[in-house]
Amino acid sequence: MVATTGSDGITKRDGWSSRSAFILAAIGSAVGLGNMWRFPAEAGANGGGAFVLFYILCVVLIGLPVLLSETLIGRHGQSAAPESVRRMAQESGKSRHWDVLASVGVFSAFLILSFYCVVGGWVLYYVGAFVQDLFTTGLTGGAFQGRPAEEVEALLPGLFGNGTLMVGLHVAFLAVTFYFVARGVSGGIEWVATWLMPAFFVLFVAITIYGAFTGAFAEALSYLFTFEPSKLTGSVMLAAVGQAFFSLSLGVAGMMTYGAYVGRDVNLGSTSGIIAGADTLVALLAGLCIFPIVFAAGLEPNAGPGLMFQSLPRAFQDMPVGSLVGMLFFIMVFFAALTSSVSLMEAPTAWVKDKFGIARPIAAAIVSFGALVLGALAALSFNDLSEFQPLTGFALFEGQGMFDILDTLTSKILMPVGAILTSVFVGWIASKRLVDSENGLSGGLHVFWLFLVRWLCPIALALILLVGIFPEVFGME
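For the sequence shown, position 95 (counting from the first letter as 1) is numbered 95 according to the numbering used here, and the numbering increases by one without interruption.
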């Protein structure tokens, strides 16, 4: 076990063994289905290059400042996220009730975990489908040989129709997540980061190179990086801001929790830059990995959420050694999804552990049980419980089952609220002396960061919140 030491010299808790371990874990927290699934879908639905370039700008001006803000709160407090905020507020002579911002994040992380593991189960299903196909049809040729394209695209709807299988896959993915979180920071979470993230990047680069030589790489490159000003509409800009925010997993207390395990020798400013840069690189590579294969198969890039789970398996039918590449692709996505789900579970687990003074495995089991129940309801909302729409009386949740309710509640309300409160707290409430002692910035860069945290980030995040709740007012329905 590796322990971190607080400013009072007292050993606080299990922590990262090195700066590189923290960086890998934080990258793993940020890099997940938001990069591999949502980014290509959003880029495809919003015209490619205009969206991508504005997205990069938003990461720098909005995502990175909030990322650093969350991490410095955690490092200063050396506790579960709400307690870290409470300590910083009290040391700043402010109300301890500012801890509500972290409580919102912890609750949001728990809700996201419950339906995130459902989607993780979909990934497991496709890993199994490609493994079975590899043994059935052999190594050479495309995937799913002899099966009509419509049948391959119907794999996901077929899964949705099987409630028992959906719940079982959800439980399996959740169980793997629980195993690593229960083992602790250095013994479990760090192991996931230091082994799975390098494996993820190796597979990622290999499949991207495969797509470059066998797919329409030049077309994908042009699509992603050709800037056409006419396509930079208000809805595209808003989608880019939202993707930058969600891609870095902000507003869910994950970076506050991971920051609590960071030693005082780590410069948070430069480290946050590395994390945000790596996350953005993965998102861009996801586009360069997926779109060449999709374009080579003559498919459309604007398939939305179905791009990964329907269009891509169909595209592997036309690619050399398609079964093997498809299997490796979804194993890679599984690695990314697992590192993020571990982060999502760690935030509420750390809170339960510290709040009630219980052992980590018990705390993780409590969180997992709650996520299992909510996730099962979310999984069944695609089939057996499709008519169960408990919040349909509210316009925002009209006609939504449990999966969509959890997604809408977290992405459109809780995450933006948590991030707005974090920006306001660090920019205006917390002691400047405490903030300056933690952020690792100086000179003009520090002044610029403070301006972004105080003004641009809250305004942009408030816009995301308002548009999410009142889309009809902004013409975004």
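Idealized CB from N, CA, C, for every residue including glycine.
Treat the numbers as computed from the prediction; the structure is a model and nothing was measured.
| Query | Result |
| --- | --- |
| CA-to-CA distance, residue 33 to residue 342, given in whole angstroms | 13 Å |
| Option nearest residue 230 by Cα separation, candidates 46, 436, 415 | 46 |
| Residue 354, DSSP secondary structure in three states | helix |
| Pick from 88, 113, 93, 112 that is closest to residue 101, judged by C-alpha positions | 88 |
| Rounded C-alpha distance that separates residue 144 from residue 314 | 9 Å |
| Bounding residues of the alpha helix (DSSP H) (the contiguous stretch that carries residue 479) | With the chain covering 1 to 477 only, the question about residue 479 has no answer from this structure. |
| Classification of residue 484 by the beta-carbon crowding that lies within 10 angstroms, buried from 16 upward | Nothing can be reported for residue 484: it is not among the residues displayed for the chain, which extend from 1 to 477. |
| Test item: CB-CB of residue 250 and residue 70 under 8 Å | yes |
| Reduced DSSP secondary structure (H/G/I, E/B, other) of residue 481 | Lying outside 1 to 477, the shown extent of the chain, residue 481 is not represented and no answer is given. |
| Cβ separation of residue 79 and residue 260, assumed to be a contact under 8 Å, to the nearest whole Å | 6 Å |
| Limits of the unbroken alpha helix (DSSP H) element including residue 73 | 64–77 |
| Identity of the residue in 309, 194, 264, 86 nearest residue 29 by Cα | 194 |
| Neighbourhood of residue 177 by C-beta distance below 6 Å, restricted to the same chain and skipping five residues each side | 341, 342, 345 |
| Residue range of the unbroken alpha helix (DSSP H) whose run includes residue 279 | 268–296 |
| Burial state of residue 443 (16 or more Cβ within 10 Å) | exposed |
| Cβ neighbours of residue 75 in the same chain (closer than 7 Å, five flanking residues each side left out) | 259, 260, 262, 268, 438 |
| Every unbroken beta strand (DSSP E) inside the stretch 149–203 [3 residues or more] | none |
| Residue 173 versus residue 433: straight-line alpha-carbon distance, rounded | 43 Å |
| Buried or exposed (CB count within 10 angstroms, at least 16 for buried), residue 455 | exposed |
| Local conformation of residue 99 per DSSP, three classes | helix |
| Sequence-distant residues of its chain with Cβ nearer than 6 Å to residue 240 (five each side left out) | 51, 54, 55, 58 |
| Residue 315, enclosing alpha helix (DSSP H) - first and last residue | 312–315 |
| Check whether residue 335 and residue 124 have beta carbons under 8 Å apart | no |
| The stretch 218–238 / the stretch 391–410 touching (three or more Cβ pairs under 8 Å) | no |
| Range of the contiguous alpha helix (DSSP H) that encloses residue 404 | 402–408 |
| Nearest residue (CA-CA) to residue 264, options 60, 468, 73, 42 | 73 |
| Three-way DSSP call (helix, strand, coil) for residue 36 in this model | helix |
| Span of the alpha helix (DSSP H) around residue 378 | 360–380 |
| Contact under 8 Å by Cβ, residue 285 with residue 208 | yes |
| Contact set for residue 361: own chain, Cβ-Cβ below 6 Å, skip 5 residues either direction | 182 |
| Continuous alpha helix (DSSP H) stretch holding residue 432: start and end | 432–439 |
| CB-CB length for residue 418 against residue 104, believed under 8 Å | 4 Å |
| Secondary structure of residue 87, DSSP reduced to three states | helix |
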